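Q: One structure coming up, written as structure tokens, with questions to follow.
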Amino acid sequence: MKLNLKNGRVGGFLLAAVAALLISCNASEPVMATEITMYKDPNCGCCGAWAKHLQAEGFSVTEVLSDDMDAIKAKYGVAAKLASCHTALIDGYIIEGHVPADDIKRLLKERPAVVGLTAPGMPMQSPGMQAEGLPAKNYDVLSFEKDGKTTVYHAY
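So the sequence shown is numbered by the working numbering: it starts at -10 and just counts up by one.
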């Protein structure tokens, strides 16, 4: 069977379907990575709460338990002054600590030339560190580079 794609109804339908598909795809918007690997101490509960925060925001989180988080941080170049309780990897970036999902989404969209983001320490009221009845504490999410240079990425 030979189909005439120029003049036939089938050809017109196929051309319309292809055009609709091309219009619906925005080539300028890259697909955002959603799979994140989180290294955490088996005894840390707040890390699991941070993972739930990410899952609620559309990320898929794989938890890897480690009894030697210092070795994980050393392997990925996370300096002690930037450290928190867990270290995560997503699309070539390192996410250290309780960084909000919106900051990770922004990082993946903007793709700056940094190693990653960190919320040093364990800032109260950051994702995974919420506590009923306690006031929010101001904290900074920092971007960091290989040479250790940091920049405030988002102030809370």
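Note that CB positions come from ideal geometry on N, CA and C, so glycine has one too.
All figures in this text were calculated on a predicted structure; none of them were measured in a lab.
Cβ of L131 within 8 Å of Cβ of P109?
A: The answer is yes: Cβ separation under 8 Å.
Q: My guess is that V28 and T76 are in contact by the Cβ rule of under 8 Å, so how many angstroms apart are they, rounded?
A: The question names Val, but residue 28 is Tyr in the sequence shown. Correct: roughly 5 Å between the Cβ atoms.
Q: Let's test the definition: count the other Cβ atoms within 10 Å of the Cβ of S49 and tell me whether it reaches 16, buried, or not, exposed.
A: Per the 10 Å Cβ criterion, exposed.
Q: Count Cβ pairs between the segment 30 to 40 and the segment 60 to 75 that sit closer than 8 Å; are there 3 or more?
A: Output reads yes: the segment 60 to 75 touches the segment 30 to 40.
Q: May I ask you to list the residues that DSSP assigns as paired with I93?
A: Partner(s): none; I93 has no beta bridge.
Q: Roughly how many angstroms lie between the CA atoms of I83 and Q44, to the nearest whole one?
A: In a straight line, the C-alpha of I83 is about 18 Å away from that of Q44.
Q: In chain order, which continuous runs of the beta strand (DSSP E) of length 3 or greater are located wholly inside the segment 10 to 71?
A: Fully enclosed beta strand (DSSP E) runs of 3 or longer: 24 to 29, 49 to 54.
Q: By DSSP's criteria, S132 is part of a beta bridge. Which residues make up the other side?
A: Answer is L106, T140, bridged to S132.
Q: Is it right to say L71 is buried, meaning 16 or more other beta carbons lie within 10 angstroms of its own, or is it exposed?
A: So L71 ends up on the buried side.
Q: For D80, which residues in the same chain have their Cβ closer than 7 Å to its Cβ, ignoring the five residues on either side in sequence?
A: The residues are A22, L97.
Q: Taking the DSSP output, what are the residues bridged to A77?
A: Bridge partners of A77: M27, I84.
Q: Between M118 and C35, is the Cβ-Cβ spacing less than 8 Å?
A: Yes, they are a contact pair.
Q: Counting only the same chain and skipping the five closest in sequence on each side, list residues whose C-beta sits under 8 Å from that of P101.
A: Once the five neighbours on either side are set aside, the close Cβ partners of P101 are S132.
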